[in-house]
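Chains as they are written, first to last, in the working numbering: chain A, 1 to 309; chain B, 1001 to 1153.
Beta carbons are placed, not taken as given, at the ideal position from N, Cα and C, and that holds for glycine.
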C-alpha cells in the first residue's frame, strides 16, 4: 500500500478506527486525476472482497455515500466531528469510494475540461482501477465487485462491461441500488407508482390510459413512454405527472420523507442560506417526459460558469 | 449545485476545512468540494437509454448481480427496476418472497421483498428512499452482507 496515501489522522475523529484508510489520486486519461478514499475492512482485510462504490448524478460525489450512507464515519451536524457508523459496509468488505468523473468533488483535470460521456467515464474509471491495483497489489487477487446508486445504474454496468474484458481484475459481480436501468421503464413505472400511492386521482389516471394507450387491453400494460411520442394530450398529462413527482415540493428521493429546505414549488432557485443553486432539473437526463425548460437549463449552465455574474 | 430536498451543509463544511483536505492529501488544484458538480452535470452526454446489453453480457459471463431498491424512492422507483430485471429473462426465476432483519429491539421484522434468479437477485428495502443505507442502515448492511458472502436472504 502507498504510505504517502495513508490517512494517519482525521480532524474531528475522537476515536481510533480499527482499520487502515488511504486517500489520494488515481490517474486516468487526458490528465484527469480521480480522488479515492479507500477504507480497509474492519474484519478480515486480507481475505474480504474489494468493493468499488460510486454515487450518481451524473456529477455527484461518492464521498456523499461514504459520509452519509455506508462509510465508517458519519459527519455530525456541526460539520466538525465524525461519529461512528455501526452499520458501515467496510465491516465485511474493503471499500473504495471513487469521485468520478473528473470535476466531481476533489477530482480534477489539468486542462479544466469537464465535458464527458458514459463511455469515457467507464474508460477512465477502468484506468483508475488499474492504477488502484498498481498502488495496492496485495488486493489484486481478491474478489472484486462494482457497486453504485442512482446514475450509478449506468456507471456500474458500463464499467463492469469494460472490466469483464480485463483478466487482470478479478471481477465477480456488481450491485446497483435505486439505479437508472432503462429510461422508458423508469418513466413508465413512475406513472403507476404515482397512481398506486395516491398522488394522482382516478380521472387523471383514466385520461392517461385513454390518450397514452387507447388500444391497451388492460391498465397493467400501458406503455406511457411510447404513448407520449404519439399523442400531444398524453405528453402534456404525463409532463404534469412528472412535474408533480419532481417539482411540486414532494421529496423525489423519499415520498414519505420531509424535504430539506422545505416544499418550494420552484424549479430553480438560489438558496441564500446554503449559498448554492438548487434545481430539480439537476437530474434532467433522467427524464424524457419532463418538458425541458430552456430557461432553467440556461440558468444551470450560467450557475456553473465562473465568469458569468 | 444541489439536488432538491438534500441537505449537505455539514459535509460541505467538513470536507472544505483546510486541515481535512491536508489529512486526505487533496491536491491544491482540486476545487472546493461540493456534493454535485454543476459543470460536470451540465456538460455530461448520455449515450445509453438502457443497460440491458451490459446486464446480458455480465450474465453470460457468469457474474453475480444484486439490484436493490428502496421502495419509496421516486427518482428511480422499484417497479421500473423490477420490470427491468424481469425482462432480462434470467434463468431459474424463484417466487417473490419477503426477507427479514433483526431490529434494534431484537424483534424480527420484514426488511422488504426479493426475487432471485440464478445469478441475479432483485431486492426491495421497505420504507427506504433513494439513499437506502442512510434511510435503513440495518437492513441495508444485512442485504450487502448476504450478497457479498453468498448467504441466502
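Exposure of residue i, with buried meaning 16 or more beta-carbon neighbours within 10 Å
{"i": "residue 163 (chain A)", "result": "buried"}
{"i": "residue 149 (chain A)", "result": "buried"}
{"i": "residue 1019 (chain B)", "result": "exposed"}
{"i": "residue 15 (chain A)", "result": "exposed"}
{"i": "residue 147 (chain A)", "result": "buried"}
{"i": "residue 1121 (chain B)", "result": "buried"}
{"i": "residue 1137 (chain B)", "result": "buried"}
{"i": "residue 44 (chain A)", "result": "exposed"}
{"i": "residue 1124 (chain B)", "result": "buried"}
{"i": "residue 82 (chain A)", "result": "buried"}
{"i": "residue 78 (chain A)", "result": "exposed"}
{"i": "residue 183 (chain A)", "result": "buried"}
{"i": "residue 256 (chain A)", "result": "exposed"}
{"i": "residue 1144 (chain B)", "result": "buried"}
{"i": "residue 284 (chain A)", "result": "Reliability fails at residue 284 (chain A), whose pLDDT of 45 lies under 50, so the model's placement of it is uncertain and the value that follows must be treated cautiously. Buried, by the Cβ-count rule."}
{"i": "residue 202 (chain A)", "result": "exposed"}
{"i": "residue 1151 (chain B)", "result": "exposed"}
{"i": "residue 9 (chain A)", "result": "exposed"}
{"i": "residue 1103 (chain B)", "result": "exposed"}
Residue i - containing alpha helix (DSSP H), residue span
{"i": "residue 243 (chain A)", "result": "232 to 247"}
{"i": "residue 123 (chain A)", "result": "118 to 135"}
{"i": "residue 1021 (chain B)", "result": "1018 to 1023"}
{"i": "residue 1147 (chain B)", "result": "1137 to 1148"}
{"i": "residue 1026 (chain B)", "result": "Per DSSP, residue 1026 (chain B) belongs to no alpha helix (DSSP H) and is neither H nor E."}
{"i": "residue 106 (chain A)", "result": "Neither: residue 106 (chain A) is in no alpha helix (DSSP H) and is coded neither H nor E."}
{"i": "residue 1122 (chain B)", "result": "Residue 1122 (chain B) -> not in any alpha helix (DSSP H); beta strand (DSSP E) instead, spanning 1120 to 1125."}
{"i": "residue 1014 (chain B)", "result": "1009 to 1015"}
Endpoints, the beta strand (DSSP E) within which residue i is located
{"i": "residue 1055 (chain B)", "result": "Looking at the DSSP string, residue 1055 (chain B) is not in any beta strand (DSSP E); the run it does join, the alpha helix (DSSP H), is 1052 to 1060."}
{"i": "residue 1111 (chain B)", "result": "1108 to 1116"}
{"i": "residue 145 (chain A)", "result": "144 to 150"}
{"i": "residue 209 (chain A)", "result": "Note, residue 209 (chain A): premise wrong, no beta strand (DSSP E); alpha helix (DSSP H) at 202 to 212."}
{"i": "residue 174 (chain A)", "result": "171 to 179"}
{"i": "residue 1153 (chain B)", "result": "Taken as a continuous stretch (DSSP letters only), residue 1153 (chain B) belongs to no beta strand (DSSP E), as it is neither H nor E."}
{"i": "residue 1006 (chain B)", "result": "Where residue 1006 (chain B) is concerned, there is no enclosing beta strand (DSSP E), given that its DSSP letter is neither H nor E."}
{"i": "residue 1079 (chain B)", "result": "Note, residue 1079 (chain B): premise wrong, no beta strand (DSSP E); alpha helix (DSSP H) at 1078 to 1086."}
{"i": "residue 227 (chain A)", "result": "Premise fails: residue 227 (chain A) lies in the alpha helix (DSSP H), 224 to 228, not in any beta strand (DSSP E)."}
Beta-carbon spacing of residue i, residue j below 8 angstroms
{"i": "residue 1041 (chain B)", "j": "residue 58 (chain A)", "result": "yes"}
{"i": "residue 20 (chain A)", "j": "residue 1014 (chain B)", "result": "no"}
{"i": "residue 241 (chain A)", "j": "residue 176 (chain A)", "result": "no"}
{"i": "residue 1057 (chain B)", "j": "residue 161 (chain A)", "result": "yes"}
{"i": "residue 334 (chain A)", "j": "residue 142 (chain A)", "result": "This structure leaves residue 334 (chain A) out entirely; chain A is present only between 1 and 309."}
{"i": "residue 127 (chain A)", "j": "residue 52 (chain A)", "result": "no"}
{"i": "residue 1064 (chain B)", "j": "residue 1119 (chain B)", "result": "yes"}
{"i": "residue 211 (chain A)", "j": "residue 227 (chain A)", "result": "yes"}
{"i": "residue 152 (chain A)", "j": "residue 112 (chain A)", "result": "no"}
{"i": "residue 118 (chain A)", "j": "residue 1047 (chain B)", "result": "yes"}
{"i": "residue 31 (chain A)", "j": "residue 7 (chain A)", "result": "no"}
Sheet register partners of residue i (DSSP bridge)
{"i": "residue 23 (chain A)", "result": "A:37"}
{"i": "residue 947 (chain B)", "result": "Shown here, chain B extends from 1001 to 1153; a query on residue 947 (chain B) therefore has no answer."}
{"i": "residue 1036 (chain B)", "result": "A:60"}
{"i": "residue 194 (chain A)", "result": "In the DSSP output, where bridge partners are listed per residue, residue 194 (chain A) has none listed."}
{"i": "residue 94 (chain A)", "result": "A:50"}
{"i": "residue 87 (chain A)", "result": "Partner(s): none; residue 87 (chain A) has no beta bridge."}
{"i": "residue 1046 (chain B)", "result": "Looking at the DSSP assignment, residue 1046 (chain B) forms no beta bridge with any residue, so it has no partner."}
*asked:* Counting only Cβ-Cβ distances shorter than 9 angstroms, please list the residues of the segment 1093 to 1110 of chain B near chain A, keeping chain order.
replied: none
*Listed from N- to C-terminal order along the chain, which residues in the segment 1043 to 1057 of chain B have their beta-carbon within a distance smaller than 9 angstroms of any beta-carbon of chain E?*
Checking the listed chains, one finds no chain E in this structure; the protein chains it contains are A and B.
*May I ask you to list, following chain order, the residues of the segment 167 to 193 of chain A that have a beta carbon less than 9 angstroms from some beta carbon of chain B?*
171, 172, 173, 174, 175, 176, 177, 178, 179, 180, 181, 182, 183, 184, 185, 186, 187, 188, 189, 190, 192 and 193
*Members of the segment 96 to 119 of chain A that neighbour chain B once the beta carbon cut-off is set at 7 angstroms*: Listed by position, the residues of the segment 96 to 119 of chain A near chain B (Cβ gap below 7 angstroms) are 101, 103, 104, 105, 106, 108, 114, 115, 116, 117, 118 and 119.
_At a CB distance below 9 angstroms, what residues from the segment 1065 to 1089 of chain B approach chain A? Give them in sequence order._
1065, 1066, 1067, 1068, 1069, 1070, 1072, 1073, 1074, 1075, 1076, 1077, 1078, 1079, 1080, 1081, 1082, 1083, 1084, 1085 and 1087
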